[in-house]
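*Asks:*
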Amino acid sequence: MKHITLGDLDVARIGLGAMGMSAAYTGAGTDDAESIRTIQRALDLGVTLVDTAEIYGPYVNEELVGRAIKGRRDEVVLATKFGMVSHAGQGPGHLDSSPANIRTAVEGSLQRLGTDRIDLYYQHRVDPATPIEDTVGALADLVSEGKIRHIGLSEAGVDNIRRAHAVHPITALQSEYSLWTRDPEPDVLPLLRELGIGFVAYSPLGRGFLTGQIKSTADFDDSDNRKTNPRFEGENFEQNLRAVAEVEAIASDVGATPAQVALAWLLAQGDDIAPIPGTKRVSRLEENVAADGVELTAEQLQKLTEVSPAVGEHHNEQQMKWIDR
Ligand SMILES: NC(=O)c1ccc[n+]([C@@H]2O[C@H](COP(=O)([O-])OP(=O)(O)OC[C@H]3O[C@@H](n4cnc5c(N)ncnc54)[C@H](OP(=O)(O)O)[C@@H]3O)[C@@H](O)[C@H]2O)c1
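For the sequence shown, full-length UniProt numbering begins at 1 and goes up steadily by one.
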């Protein structure tokens with residue numbers, strides 16, 4: 001697979017998101033053996049960037065990733081995130097990027113992942129109660145100590161990206177970016193390019209919607225967070241199916257699957273963009289990784305760029321409050 005650099009970190013340009021193996025979507029946690037096979041197959045196929053977070057589960061997703069990469073640590077660019085679990089008492093679901101919380105979080109992540117170093121350690125969401133300079137200062141200390149190798153941010157806005165990068169080089173921003181989430185294009189991507197920061201695109205398949213495999217939400221478990229995602233609700237969902245039909249039509253022209261063209265379109269946006277599609281199944285992993293070889297013509301790219309915009313915000317109201325703009 002083609003490699004790119006995020007800041008100065010080399011990665012194979014398609015990564016693997018592990019979240020849905022343990023959290024967020026229907027079926028999470030039901031087949032850990034297949035999830036582990038999926039991570040190992042990814043490494044066999046040349047994937048390097050494997051993405052998890054302390055909050056996924058919480059904790060169990062890091063443990064799962066740790067089990068899967070045992071004995072293969074050096075093949076992995078291991079990425080995890082802190083800041084959505086407050087270890088001072090409030091627990092999971094509370095933002096806390098204070099230096100003390102980071103110290104506790106990193107030790108837990110290292111232990112669960114079964115490693116002595118995290119290659120890319122992201123702040124999961126900007127914490128309004130902690131100046132970003134304090135957060136990045138604490139992370140810079142962890143870099144000096146060798147516990148983490150690179151620093152990332154997730155869903156940070158332009159001001160905080162600039163402020164953070166002034167304290168210590170930021171290697172990557174991880175935010176939602178896909179055919180139907182174009183928010184980073186006007187302001188964030190130009191800033192990242194000015195500063196030499198890479199972009200890791202999460203939910204690059206629109207949480208599965210862009211693959212064309214979701215025609216109804218009736219089978220979603222109550223714990224499936226798409227149940228409260230405005231794009232999957234009522235009339236919005238019906239309208240968004242039309243955008244998916246457009247992607248399906250272009251995919252059929254290309255001779256690839258909708259998931260593959262959604263990923264190939266992202267890859268074509270620049271050699272500083274690494275999508276991390278999530279799947280807990282070997283077959284889909286193989287399909288997604290094969291997007292590395294899908295070539296789109298200028299006309300196909302243009303048609304994909306013009307696919308109807310999504311109707312509805314990309315997170316529910318509560319989660320949107322945590323997106324730093
Ligand atoms: N930084 C953040 O705040 C943040 C937020 C969300 C996600 N993330 C990261 O980004 C990763 C990817 O995002 P995501 O999982 O939300 O969304 P995604 O990659 O857009 O889509 C994942 C969904 O699509 C399905 N899928 C994957 N490949 C498919 C294929 N080829 N055909 C049909 N369905 C397919 C998966 O189902 P199966 O698993 O059943 O195959 C899963 O339900 C996560 O795993 C996580 O590591 C980060």
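The beta-carbon is built from N, C-alpha and C at its ideal position, and this holds for glycine as well. Remember, predicted model here, so these are calculated numbers, not experimental data.
1) Count Cβ pairs between the region 311-322 and the region 224-232 that sit closer than 8 Å; are there 3 or more?
2) For residue 227, name the three-state secondary structure that DSSP assigns.
3) Check whether the region 191-201 and the region 158-167 touch, using three or more Cβ-Cβ pairs below 8 Å as the test.
4) DSSP on residue 311, reduced to helix/strand/coil?
5) Within 6 Å: the Cβ of residue 211 and any heavy atom of ligand 1?
6) For the structure I just gave you, are there three or more beta carbon pairs, one from the region 260-275 and one from the region 172-185, closer than 8 Å?
7) Residue 9 and residue 285 look like a contact to me (Cβ under 8 Å); what is the Cβ gap, rounded to whole Å?
8) Reducing DSSP to helix, strand and coil, say where residue 234 ends up.
9) Where does residue 98 sit, in a helix, a strand or coil, going by DSSP?
10) Note down the Cα distance separating residue 148 from residue 30, rounded to an integer number of angstroms.
11) According to DSSP, is residue 22 part of a helix, a strand, or is it coil?
12) Give every residue of the same chain whose Cβ lies closer than 8 Å to the Cβ of residue 7, excluding the five residues on either side of it in the sequence, and list them in chain order.
13) Quick check: the region 47-65 against the region 296-309, are at least 3 beta-carbon pairs closer than 8 Å?
14) Let me confirm a value: residue 13 is counted as buried when at least 16 other C-beta atoms fall within 10 Å, else exposed. Which label applies?
15) Determine the DSSP secondary structure at residue 150, reduced to helix, strand or coil.
16) Can you list, in chain order, the residues of its chain with a C-beta nearer than 6 Å to that of residue 97? Leave out the 5 residues immediately preceding and following it.
17) Just the Cα atoms here: how many angstroms apart are residue 278 and residue 243?
18) Is residue 258 buried or exposed, if buried means 16 or more other CB atoms sit within 10 Å of its CB?
19) Cβ atoms of residue 78 and residue 119: under 7 Å apart, would you say?
20) Can you tell me whether residue 211 is helix, strand or coil according to DSSP?
21) If residue 121 sits next to residue 152, beta carbons under 8 Å apart, how far is it from one beta carbon to the other, in whole angstroms?
22) Just list the beta strand (DSSP E) runs in the region 71-96, keeping only unbroken ones of 3 residues or longer that don't cross its boundaries, in chain order.
23) I think residue 260 touches residue 290, with their Cβ atoms under 8 Å apart; what is that distance to the nearest whole Å?
24) Return the chain-ordered list of same chain residues with a C-beta closer than 8 Å to the C-beta of residue 143, the five sequence neighbours on each side being excluded.
25) I need the boundaries of the alpha helix (DSSP H) containing residue 66, first residue and last residue.
26) Please find out if some non-hydrogen atom of ligand 1 comes closer than 6 Å to the beta-carbon of residue 276.
27) Let me make sure I understand the geometry here. Which of 65, 266, 40 has the alpha-carbon closest to that of residue 180?
28) Which residues does DSSP pair with residue 190 in a beta bridge?
29) Who are the Cβ neighbours of residue 94 in its own chain at under 6 Å, not counting the five residues just before and after it?
*Replies:* In this structure, then:
1) yes
2) Along the sequence shown, one-based indexing puts residue 227 at 227. Three-state DSSP puts residue 227 in a helix.
3) yes
4) Locating residue 311 in the sequence shown gives position 311, counting from the first residue. Looking at residue 311 - three-state DSSP - the assignment turns out to be coil, as it is neither helix nor strand.
5) Here the question's residue 211 lines up with position 211 in the sequence shown. Because some heavy atom of ligand 1 lies under 6 Å away, the Cβ of residue 211 counts as near it: yes.
6) yes
7) Residue mapping note: residue 9 aligns to position 9 of the sequence shown, counting from 1. Residue mapping note: residue 285 aligns to position 285 of the sequence shown, counting from 1. With a Cβ gap of about 22 Å, residue 9 and residue 285 do not count as contacting.
8) For this step, residue 234 is matched to residue 234 along the sequence shown. Residue state, collapsed to three classes: helix.
9) Indexing the sequence shown from 1 puts residue 98 at position 98. Three-state result, residue 98: coil.
10) Along the sequence shown, one-based indexing puts residue 148 at 148. Along the sequence shown, one-based indexing puts residue 30 at 30. Those two C-alpha atoms are separated by around 31 Å.
11) On the sequence shown, residue 22 is found 22 positions in, with the first residue counted as 1. Residue state, collapsed to three classes: helix.
12) One-based indexing of the sequence shown puts residue 7 at position 7. So the list reads 150, 169, 170, 171, 172, 196, 197, 198, once near-sequence residues are dropped.
13) no
14) Reading the sequence shown from its first residue, position 13 is the one you call residue 13. When all chains shown are included, residue 13 counts as buried.
15) Along the sequence shown, read from residue 1 onward, the residue named residue 150 stands at position 150. Residue 150: strand per DSSP, three-state reduction.
16) As a position in the sequence shown, residue 97 is number 97, starting the count at 1. If we look at residue 97 and ignore the five residues flanking it on each side, its Cβ neighbours are 83, 123, 127, 130, 135.
17) As a working note, residue 278 is residue 278 in the sequence shown. As a working note, residue 243 is residue 243 in the sequence shown. Whole-angstrom Cα-Cα distance: 21 Å.
18) Numbered from its first residue, the sequence shown carries residue 258 at position 258. It counts as buried.
19) For this step, residue 119 is matched to residue 119 along the sequence shown. For this step, residue 78 is matched to residue 78 along the sequence shown. It is a contact, given that the beta carbons lie within the stated cut-off.
20) Looking up residue 211 in the sequence shown gives position 211. Of the three classes helix, strand and coil, the one that applies to residue 211 here is helix, per DSSP.
21) As a working mapping, residue 121 is identified with position 121 in the sequence shown. As a working mapping, residue 152 is identified with position 152 in the sequence shown. At roughly 7 Å, the Cβ-Cβ gap stays under 8 Å, so residue 121 and residue 152 are in contact.
22) 77-82
23) What you label residue 260 is simply residue 260 of the sequence shown in a count that begins at 1. What you label residue 290 is simply residue 290 of the sequence shown in a count that begins at 1. Their Cβ separation, rounded to whole angstroms, is 6 Å, which keeps residue 260 and residue 290 in contact under 8 Å.
24) Here residue 143 is taken as the residue at index 143 of the sequence shown, counted from 1. Contacts found: 149, 150, 151, 168.
25) Residue numbering aside, residue 66 sits at position 66 when the sequence shown is read from its first letter. That run of the alpha helix (DSSP H) goes 60-69.
26) Taking the first residue of the sequence shown as 1, we reach residue 276 at position 276. Under cutoff, so the answer is yes.
27) Within the sequence shown, numbered from 1, the residue matching residue 180 stands at position 180. Closest option to residue 180, Cα to Cα, is 266.
28) Reading the sequence shown from its first residue, position 190 is the one you call residue 190. Answer is none; residue 190 lacks a bridge partner.
29) Reading the sequence shown from its first residue, position 94 is the one you call residue 94. Excluding residues within five positions, the ones whose Cβ falls inside 6 Å are 86.
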